[in-house]
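Residue numbers (the numbering used here): 204 to 468. For each residue, glycine too, the CB sits at the ideal point set by N, CA and C.
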């Protein structure tokens, strides 16, 4: 969330009116879980990040999600000569595609929703509507497999197909340089990995836990410098009373990938 400081203790560096980013509140009258959708947050000063001058405040609200996608990039270590496949173009997939492309890699992205594919394309991402045979669709666009697969679907049925996108490893004495499978979708429970397919490709399977302070500061810096643009990913800016409608729209996997609640005028 992004908001203005309305009160701060004398030992803090903040004064009323300062604009900050934070991830939620320490205190609330309801079960918190992630807890960033609220009108007022109460939290330790070190958990509030002062926003740099010139940053778009609407874009800054997406920093938490962008930081999750960025953390995936930091553990997958894409190189400019490598190819990345992003499977699923919800908000995390959209951000992952932009960040990997910003790092210099060639990015191909796919989703079953044409509107989400078009959203990625408008940002310059090479994207296409997912077909029944995912591997065949990618082979039409690539001479070989990909170096990194970003699974942003949270759908266990995708895993076996997505692994087939990974490039094969030539047999030899030099280890390393393996293809990477980066799990960035939220899975409700355990999922299975086809052992033989992953074994043949010496596939490295990576998982991000969430994000950290460095990730947040990095994406906010990228936003300030206009390197990372996210405003077009915000499908609506609405009062919180419209939350049920917004969540239903997101649940239906429409062209909307995220929304912002505006708690005051």
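Of all C-beta pairs linking the region 378-396 to the region 218-231, fewer than three are shorter than 8 Å, placing the two stretches out of contact. Residue 339 counts as exposed, since fewer than 16 other C-beta atoms from the protein chains shown sit within 10 angstroms of its C-beta. For the pair residue 334 and residue 310, the CB atoms are not nearer than the 8 Å cut-off.
Our two residues, residue 234 and residue 305, have alpha carbons roughly 38 Å apart in a direct line. Leaving aside the five residues that flank residue 363 on each side, the residues in its chain whose CB is nearer than 6 Å to its CB run, in chain order, 397. Looking from the CA of residue 260, the closest CA among 359, 429, 369 and 298 belongs to 429. In the three-state reduction of the DSSP assignment, residue 433 falls in the coil class, being assigned neither a helical nor a strand state. Here residue 267 is buried. Its C-beta has 16 or more other C-beta atoms within 10 Å.
The distance from the Cβ of residue 315 to that of residue 289 is about 13 Å, inconsistent with a contact at the 8 Å cut-off. Per DSSP, residue 205 is one residue of the beta strand (DSSP E) stretching across 205-207. Between the alpha carbons of residue 205 and residue 368 lies a gap of roughly 39 Å. A Cβ-Cβ distance of about 6 Å is found for the pair residue 281 and residue 351, placing them in contact under the 8 Å criterion. Short of 8 Å from the beta carbon of residue 278, and not among the five residues preceding or following it, lie these beta carbons of its own chain, in chain order: 385, 409 and 411. No Cβ-Cβ contact shorter than 8 Å links residue 319 with residue 209. Contact between residue 436 and residue 422 does not hold, since their C-beta atoms are separated by about 13 Å, which reaches or exceeds 8 Å. Secondary structure note for residue 332: it is in no alpha helix (DSSP H), and the uninterrupted beta strand (DSSP E) holding it is 329-332.
Closest by C-alpha distance to residue 325, out of 419, 254, 297 and 415, is 297. Taken through DSSP and simplified to helix, strand or coil, residue 450 comes out as helix.
By the C-beta density criterion, residue 220 is exposed, having fewer than 16 other C-beta atoms within 10 angstroms. By the neighbour-count criterion, in which a residue is buried when 16 or more other Cβ atoms sit within 10 angstroms of its Cβ, residue 402 is exposed.
Restricting attention to alpha helix (DSSP H) runs no shorter than 4 residues, the region 345-382 encloses them at 362-366, ordered along the chain. Secondary structure of residue 412 (DSSP, three-state): coil.
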